[in-house]
Amino acid sequence: MSSPIGKSRSLAAVLQQLRHPGQPPRAVTSAACAPPRPREVPLCPVMERGEAQDAAALPGPTNWPLLGSLPEILWKGGLKKQHDTLAEYHRKYGKIFRMKLGSFDSVHLGSPCLLEALYRTESAYPQRLEIKPWKAYRDYRREGYGLLILEGEDWQRVRSAFQKKLMKPVEIMKLDNKINEVCRLGAASLGLLGRERCLWNFKS
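What the sequence shown shows, in the working numbering, is residues 25 to 228, in sequence order.
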C-alpha cells in the first residue's frame with residue numbers, strides 16, 4: 025500500500041505519537057502482528073524504540089531530479105510489472121520505503137501492523153490522493169463520486185451510510201444467493217465463450 029505524505033501529518037509526527045501516545049491505544053485486533061504488550065500499538069519494524077526518523081530518512085530506490093524513480097520503474101517493465109517491482113523493493117528496503125514518481129512523493133507500507141498503526145492515527149475525515157481523471161469522468165457522466173473518490177466529511181457521510189447496510193455480516197449473508205448466482209452465470213458465460221472460440225478456430 026502506498027500513502028501520499030504531502031496532505032497529512034508528517035511520518036515523523038505519526039511515529040512519534042505511536043511511541044508516546046497521550047492515552048492507551050485501542051487493543052490491536054490483528055492476531056498476525058499482535059505486539060508483545062497487550063495494549064501497545066506495534067512500532068515500525070525498521071525502527072528501534074526511541075529512535076527518531078522522518079520520511080526523508082526512509083530508504084528507497086534512486087531518486088533522480090524531476091523524474092524520481094520513474095526511469096527505474098520503466099526499466100523494470102513499466103506499469104505492467106509495477107506490482108513485481110514494488111514487491112522487489114519491499115524485499116530490498118524492508119516493510120516501509122519511500123519512492124517518488126515525478127512530483128508525487130509516497131511512502132509504501134508492506135506490513136499489516138504498519139497499516140493498522142496508520143489507520144489508527146489518521147483522522148475521521150481522511151484526505152487521499154486526488155484522482156482528477158476519475159472525477160472528470162464522473163462529472164462528464166453526471167454521476168456521483170462514490171466512496172473511491174470522495175474525501176473528508178463527504179467520504180465519512182457516505183461511508184457511514186454504506187456501513188449500516190452492507191458492512192455487517194448479517195446483511196452480507198442476505199446477498200449470498202444473489203452473489204453466487206451472478207458468479208455461476210459469469211462462469212457459465214466464460215465456458216460458453218471458450219467453446220465458441222474453439223469451434224471458430226476449428227472452422228477457420
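Quick reminder that beta carbons are idealized off the backbone N, C-alpha and C, glycines included.
Quick one: what does DSSP say T109 is sitting in, helix, strand or coil?
-> Your numbering for residue 109 matches position 85 in the sequence shown. Correct three-state label for T109: helix.
Beta-carbon proximity list for Y117, same chain, < 7 Å, skipping 5 on both sides = Along the sequence shown, read from residue 1 onward, the residue named residue 117 stands at position 93. Contacts found: P83, G84.
If you run the structure through DSSP and keep just helix, strand and coil, what is S130?
-> Start at 1 with the first residue of the sequence shown, and residue 130 comes out as number 106. Strand, per DSSP.
Quick one: Cα of D200 to Cα of I97, how far?
-> Here residue 200 is taken as the residue at index 176 of the sequence shown, counted from 1. Here residue 97 is taken as the residue at index 73 of the sequence shown, counted from 1. In this model, D200 and I97 are separated by some 41 Å (Cα to Cα).
V131 burial status per 10 Å Cβ neighbour count (16 or more: buried) = Here residue 131 refers to the residue found at position 107 of the sequence shown. With 16 or more other Cβ atoms within 10 Å, it is buried.
Just the Cα atoms here: how many angstroms apart are Y113 and L133?
-> The residue given as residue 113 occupies position 89 in the sequence shown. The residue given as residue 133 occupies position 109 in the sequence shown. Those two C-alpha atoms are separated by around 11 Å.
I155 by DSSP, collapsed to three states: which one?
-> Along the sequence shown, read from residue 1 onward, the residue named residue 155 stands at position 131. In the displayed model, I155 falls within coil according to three-state DSSP, outside both helix and strand.
Cβ of E177 within 8 Å of Cβ of Y143?
-> Your numbering for residue 177 matches position 153 in the sequence shown. Your numbering for residue 143 matches position 119 in the sequence shown. If you check the CB distance, E177 and Y143 do not come in under 8 Å.
Neighbourhood of L94 by C-beta, 8 Å cutoff - its chain only, sequence neighbours within 5 removed = Taking the first residue of the sequence shown as 1, we reach residue 94 at position 70. If we look at L94 and ignore the five residues flanking it on each side, its Cβ neighbours are W88, L125, G126.
With DSSP run on the structure shown, which of helix, strand or coil describes K124?
-> Taking the sequence shown and counting its residues from 1, one reaches residue 124 at position 100. K124 falls in the strand class under three-state DSSP.
DSSP beta-bridge partners for W88?
-> Taking the first residue of the sequence shown as 1, we reach residue 88 at position 64. Listed as beta-bridge partners of W88 by DSSP are G92.
C-alpha distance - N204 paired with L91, whole-angstrom precision | Locating residue 204 in the sequence shown gives position 180, counting from the first residue. Locating residue 91 in the sequence shown gives position 67, counting from the first residue. Each residue's Cα considered, the two are about 46 Å apart.
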